[in-house]
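First up is the structure itself, then whatever we jot down about it.
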């Protein structure tokens, strides 16, 4: 089966899932807006700017659907995850999104699409892995820019045709020219991206096409594929020049990779429309609450060891804490994890029982 046939089949399956579960996604969105967001605003003392930052994701129906799909359309799991995503976004995502300090990703112009209307991004892996700066803040910024771009694309499609199927994913062209075994010796960045960042931006990639691959990269690929989940591996392709042209056509490929578009450096990047300039951290405008201040503390670290800021501190006993009542590992890290990977009733800690015993002793 050719690459385009595989992608066509997956696209049809995704379209059917979207139509079947659209109402569930809307209901989840309403629940978050009605029950979760007001509690967050009160618990974190969010100002109007902070509330709007939360709504910018909450009102993106396609993002809610992708999150629901990640949790196999189990509403309780998706609701828990959505609350965690909202808390994380308030701590980390700036508004507007600043220009990433490292330029390794570009989105092709809107007229460059795959056969199913999906936009195309190009990633220069050597620029990402070869940077001496901490690239994680830049990865966060690019993922948010990609989300905003998809949201804008779908908003325009709805304006033209209210019944148009939304665009849910990208096609990524990963240029691995210039990378070496040394550049991927540490898998920390790849592991962080897969297990920390992607769950907060789930389902945005339909396929990854590896470009400029040769036998010299086989060792690199053997290292990387060990940490990739099976679902991710099924979306990775190594197209030849002819297969790439069959998949995307020359009019959707930059000249750098054998297409008829101008060179990548001369192409318009739609992501530029969503980049802004952050205010000075000392500015007094709209930075009165903790979550907003935290969003200004994501500068790249030259040492490469600075962690992404933590979610604002929330009491372990707060109803807004997604880990309330469950044992977690890494409580002192920037992202705690459920010890068993999910909430299980048998893991609930007997907090209420302990409180009752203390009260009786008094």
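In our numbering, the protein residues as written are 33 to 394. All C-beta atoms, glycine included, are put in the ideal place defined by N, C-alpha and C. Computed from a predicted structure; not experimentally measured.
Note on the segment 116-180: whole beta strand (DSSP E) runs with a minimum of 3 residues are 137-139, 152-156, in chain order.
Cβ-Cβ separation between residue 203 and residue 150: approximately 5 angstroms, consistent with a contact (criterion under 8 angstroms).
Annotated three-state conformation of residue 36 is helix, per DSSP.
Going by C-alpha positions, residue 91 is about 12 angstroms away from residue 180.
DSSP places residue 90 outside any beta strand (DSSP E); the residue lies instead in the alpha helix (DSSP H), whose first and last residues are 80-90.
Residue 265 counts as exposed, since fewer than 16 other beta carbons sit within 10 angstroms of its beta carbon. Of all C-beta pairs linking the segment 105-119 to the segment 147-166, fewer than three are shorter than 8 angstroms, placing the two stretches out of contact. Residue environment for residue 138: buried (at least 16 other C-beta atoms within 10 angstroms of its C-beta). Per DSSP, the beta bridge partners of residue 240 are 204, 268.
Note on geometry: alpha-carbon atoms of residue 142 and residue 278 lie some 19 angstroms from one another. For residue 74, the enclosing alpha helix (DSSP H) starts and ends at 69-75. Assignment of residue 290 by DSSP, reduced to helix, strand and coil, places it in the coil class.
The secondary-structure analysis by DSSP pairs residue 308 across a beta bridge with 130. Taking residue 185 as the centre and dropping the five residues before and after it, the same chain places the C-beta of 142, 151, 199 closer than 8 angstroms to its C-beta, in chain order. A Cβ-Cβ contact shorter than 8 angstroms links residue 42 with residue 238.
Closest option to residue 126, judged by alpha-carbon separation, among 169, 146, 227: 169.
Counting of Cβ neighbours within 10 angstroms places residue 190 among the exposed residues, the total staying below 16. Distance from residue 293 to residue 283 at the Cβ level is roughly 7 angstroms; contact confirmed, criterion being Cβ atoms closer than 8 angstroms.
Counted as a single uninterrupted DSSP element, the alpha helix (DSSP H) harbouring residue 95 occupies residues 93-102. Secondary structure note for residue 210: it is in no alpha helix (DSSP H), with a DSSP letter that is neither H nor E.
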